[in-house]
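Here the sequence shown is numbered in our numbering, starting from 7 and rising by one per residue.
C-beta atoms are modelled at their ideal positions from N, C-alpha and C, and glycine is treated no differently.
One structure is given here, and the rest of the page talks about it.
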Amino acid sequence: MHRLILFFCTLFIIIHSIHLDYLQATVIDLGIDVLVENHFHGLEGKKIGLITNLSAVNKNGISTLELFYHCPQVNLVAIFTPEYGLYCMGSDKQNTASYIDPYTNLPVYPLQGETLKPTDDMLANVDVLVFDLQDIGTRSFTFLSTMGLAMEAAGENGKEFYVLDRPNPLGGERVEGMPFNNSFRSFYNEWDIPYIHGMTPCEIAGMINGENWIFKKPKLTLVPMKGWQRHMLWKDTGLPWFPLSPYLTDEESPFYFAISSFLGLSPVLNNGIGTALPYKLVGAQKIDPFTFARNMNKRKIPFCYFRPVFYWPFFGKFQGKTLGGCQIYIKDFSKVKLVEIGLSLLQEMMTELNQDPLASLTAEQLEFFDRYCGTDEIRKELLSGKRIQAIVDNWIPYLENFREKRKKYLLYPSD
């Protein structure tokens, strides 16, 4: 009996120590933490529509949905979900019909498919929309599109809009990648920001309102973080990573998404989807991985390395097929140029496959590729054989202008 008591006492101490270590390791307060600390100030007694999923948690790992649902000061009346759904496990073709959540007994309205922003009927019983989602810092990831469109819906319906801030996992200083061309605006590219923008949801929301990017602006309340600084990557925050989708499973995933997500739009390329290493692999049929990886390493792209691999996806368009290519290794996450790696991989694949990765696109695939990239220049320049450095150099004026424009919307210091 004494041994049993000693065992459980020891177990309690270990668990308690782990919990304390976890709390002590967290160096920032998220927007939701600040809101709770201030007793949901401004939301008392109001009917809340919450735009979230279960990856949006506070610094102690409790979901924002739970915190709102159990808070007596506010009246949570509806849940709105982004791409991949409330539980972050759906595909972009699932979870498009509204339903009643069995846990809260509240209506859930998916903001994807044919309904990308809340309708008048969805907002009829709502006083305030609150946005709390973890973004990944890349323009083509749709959560910030969802935020801005919901802001517009709130403005059109006379509703308030709150944004609870979260870190940019790529950091707040990195600005790179393809400029925005309004002719290719889509759900993957709603706002005039670079492919990698280095801003947080609150900062982007302020910019959307300040630059008049939506037709009707709402009364906007921003709830910034405490303790976050622009140089921080996710590992510097002390926060655990919760998967945002079936493919964004760890804190490194946003970096690899920025590199290879657009490569998967080619019908002849795979970017690791269908494997245990989504976005970290790039391959195709009839590719010699040893030659391919050797040629990629000859490019001497700083702070990364390419390892030759054969692999066999277990679902998707290449299920069961033998693919050759490489695994991408990032050596220094704070310094590596992500978009340059992606373009170099695509260019090398085009060389190996006689232009096929882009030349084989159907009219529909071509349009989607350009809209995903936010421009048609990438495709045209690669097909013309333009050097990667020349492509990247063309972006410098746009990126410098953006850095200047964004200054008045930044909420956090660099040091």
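Between the Cα of residue i and the Cα atoms of the options, which residue gives the shortest distance?
| i | options | result |
| --- | --- | --- |
| Ala4 | Thr110, Leu117, Gly164 and Arg412 | Residue 4 is absent from the model: the chain starts at 7 and stops at 421. |
| Val136 | Thr125, Ala160 and Thr121 | Ala160 |
| Val229 | Arg236, Tyr90 and Glu209 | Glu209 |
| Lys411 | Met213, Phe190 and Leu92 | Met213 |
| Leu226 | Trp247, Pro260 and Leu170 | Leu170 |
| Gln395 | Leu372, Lys413 and Lys343 | Lys343 |
| Gly91 | Gly67, Arg409 and Asn59 | Asn59 |
| Phe46 | Pro173, Tyr75, Ile307 and Val274 | Tyr75 |
| Val33 | Lys232, Leu367, Ile402 and Trp318 | Lys232 |
| Phe309 | Asn66, Thr357, Ile347 and Ser420 | Ile347 |
| Pro200 | Lys241, Ile402 and Ser420 | Ile402 |
| Val134 | Ser104, Leu82 and Val114 | Leu82 |
| Arg235 | Asp35, Pro419, Asp39 and Gly37 | The amino acid occupying residue 235 in the given sequence is Gln; Arg does not appear at that position. Nearest of Asp35, Pro419, Asp39 and Gly37 to Gln235, Cα basis: Pro419. |
Could you check how far apart the C-beta atoms of residue i and residue j are, in whole angstroms? I think they sit under 8 Å.
| i | j | result |
| --- | --- | --- |
| Leu49 | Gln79 | 7 Å |
| Cys379 | Met184 | 6 Å |
| Phe316 | Pro295 | 6 Å |
| Leu56 | Leu71 | 6 Å |
| Phe298 | Glu358 | 6 Å |
| Asn66 | Leu36 | With a Cβ gap of about 10 Å, Asn66 and Leu36 do not count as contacting. |
Note down, in chain order, each residue of its chain lying with its Cβ closer than 8 Å to the Cβ of residue i, except the 5 sequence neighbours on either side.
| i | result |
| --- | --- |
| Phe263 | Ile142, Thr144, Phe147, Tyr253, Leu254 and Tyr285 |
| Met302 | Phe312, Cys332, Ser350, Leu351 and Glu354 |
| Val288 | Ser266, Leu269, Leu275, Asn276, Asn277, Gly278, Gly331, Cys332, Ile334, Leu351 and Met355 |
| Ala103 | Pro116 |
Looking at the structure shown, is residue i part of a helix, part of a strand, or coil, going by DSSP?
| i | result |
| --- | --- |
| Tyr28 | Unreliable positioning characterises Tyr28 in this predicted model, as indicated by a pLDDT of 47, which lies under 50. The coordinate reading is nonetheless provided below. Three-state result, Tyr28: helix. |
| Pro314 | strand |
| Glu166 | strand |
| Gln333 | strand |
| Asp138 | strand |
| Lys304 | helix |
| Thr144 | strand |
| Lys241 | helix |
| Leu364 | helix |
| Ala130 | coil |
| Tyr404 | helix |
| Ile279 | coil |
Among the residues of its own chain, which have a CB less than 6 Å from the CB of residue i, if the five just before and after it don't count?
| i | result |
| --- | --- |
| Thr4 | Residue 4 lies beyond the stretch modelled for the chain, which goes from 7 to 421, so this question has no answer here. |
| Phe167 | Leu135, Met157, Ala160, Pro224 and Leu226 |
| Leu29 | Only weak support is given to the placement of Leu29: the predicted model assigns it a pLDDT of 47, under 50, and the value that follows is read from those uncertain coordinates. For Leu29, where only same-chain residues beyond five positions count, there are no Cβ hits under 6 Å. |
| Lys52 | Asp133 and Val134 |
Who pairs with residue i in a beta bridge, going by DSSP?
| i | result |
| --- | --- |
| Gly212 | Paired residues: none, contrary to the question. |
| Asp35 | Lys232 |
| Gly6 | Nothing in the structure corresponds to residue 6, since the chain is present only between 7 and 421. |
| Tyr105 | Val114 |
| Lys272 | The question names Lys, but residue 272 is Ser in the sequence shown. BP columns for Ser272 are empty, so no partner. |
| Asn195 | Ser192 |
For residue i, collect the residues of the same chain with a Cβ closer than 7 Å to its Cβ; drop the 5 residues on either side in sequence, then sort them by chain order.
| i | result |
| --- | --- |
| Glu370 | none |
| Phe193 | Leu122, Thr148 and Ser151 |
| Phe261 | Leu176, Ile336, Phe339 and Leu344 |
| Ser251 | Tyr90 and Cys94 |
| Ser61 | Cys94, Gln140, Phe248, Pro249 and Leu250 |
Do residue i and the ligand SAM come close, with the Cβ less than 7 Å from some heavy atom?
| i | result |
| --- | --- |
| Asn44 | In the structure shown, the ligand SAM is absent, as is every other ligand, since no ligand is present at all. |
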